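Novice: Numbering (this note's numbering), first residue to last: 175 to 366. Note that the Cβ used here is the ideal one computed from N, Cα and C, for glycine as well. Quick caveat, the model's predicted, so the values are computed rather than measured.
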C-alpha cells in the first residue's frame with residue numbers, strides 16, 4: 175500500500191490532520207479493539223491482519239468528516255469498491271474484505287471511542303473549547319515535516335506522542351472548516 179498516496183488523498187479531500195502516529199499492534203491490542211466482534215466469522219482474520227504489520231492512525235477534522243472519509247475509503251467489500259468506486263482507497267489498494275486497507279469511524283460516538291483508544295492523550299472537548307474556533311477561522315497551516323496541521327502563531331508542540339512519519343515531507347494546501355467540525359479517527363494499514 176502507498177501510505178504517501180493515502181496521506182495525499184487525505185489532504186486533497188480537505189481534511190485537517192490534528193494528530194497521527196505509526197503503530198504496530200500485538201494480539202492484545204487487536205483483540206481489545208475488535209472485542210465487539212468476538213465470535214463473528216471474521217474476528218480472527220481481522221485480529222491477525224491488524225497484527226501483521228505497521229499501521230498509521232489519524233485524527234482528522236472537517237465538515238462531515240465521517241461521511242466524507244467513508245466516501246474516500248470506498249465500500250468495505252473490495253470487489254464492490256473496484257467496480258463502483260475504483261478511485262477510492264479500497265478500490266485502489268484493497269485486496270480482500272479483511273485486507274481492505276483502511277478503517278474509519280461510522281458515527282461520532284464510535285469516533286470518540288476509537289480516538290481515545292488510539293490517542294488517549296487527545297482531549298476532544300479541550301480541542302473543541304480551545305482550538306476548534308481558530309481552525310474554523312483558517313488560522314492554521316500544514317506543517318510538511320510533521321505532516322499535520324498546526325495553528326498559526328502557536329509555538330506549542332502538537333498533541334502528538336510519537337515522531338511523525340519517517341517518509342519525505344508532503345506539501346499540502348490549507349483546508350477550511352465551514353460548519354461544526356467532526357473529529358474522526360482513521361487507520362490506514364500497511365500490510366499488503
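1) Counting C-beta neighbours from all protein chains within 10 Å, is the total for residue 264 16 or more, i.e. buried, or is it exposed?
2) Check this for me: beta carbons of residue 291 and residue 233, under 9 Å apart or not?
3) Report all residues from its chain with a CB closer than 7 Å to the CB of residue 255; omit the five preceding and five following residues, and keep chain order.
4) If residue 299 and residue 194 are in contact, beta carbons under 8 Å, what's the gap, nearest whole angstrom?
5) Among 314, 209, 198 and 243, which has the Cα closest to the Cα of residue 226?
6) Using DSSP's beta-bridge definition, name the partner residues of residue 190.
7) Quick one: what does DSSP say residue 205 is sitting in, helix, strand or coil?
8) My understanding is that residue 276 touches residue 252, with C-beta atoms under 8 Å, so please give their C-beta distance in whole angstroms.
9) Confirm, please, whether the CB-CB distance from residue 278 to residue 244 is below 9 Å.
10) So what's residue 244 in DSSP terms, helix, strand or just coil?
11) On the DSSP letters alone, give me the boundaries of the alpha helix (DSSP H) that residue 253 sits inside.
12) Where residue 315 and residue 235 are concerned, what is the direct C-alpha to C-alpha distance, given to the nearest angstrom?
13) Going by the DSSP bridge assignment, what does residue 195 pair with across the sheet?
14) Mapping DSSP to helix, strand and coil, what is residue 322?
15) How far does the alpha helix (DSSP H) with residue 291 in it extend, from its first residue to its last?
16) Once the 5 residues before and after residue 196 are set aside, which same chain residues still bring their CB inside 6 Å of it?
17) Short of 7 Å in beta carbon distance, which residues of its chain neighbour residue 286, apart from the five on each side in sequence? Order them along the chain.
Specialist: Here's the rundown:
1) buried
2) no
3) 248, 249, 262, 264, 265 and 268
4) Not really, about 20 Å apart at Cβ, beyond 8 Å.
5) By alpha-carbon distance to residue 226, the top candidate from 314, 209, 198 and 243 is 198.
6) 235
7) Residue 205: helix per DSSP, three-state reduction.
8) Actually they are not in contact, since the Cβ atoms of residue 276 and residue 252 sit about 11 Å apart, beyond 8 Å.
9) yes
10) helix
11) Start and end: 252 to 258.
12) 14 Å
13) 231
14) strand
15) Per DSSP, the unbroken alpha helix (DSSP H) holding residue 291 starts and ends at 282 to 292.
16) 228 and 230
17) 298
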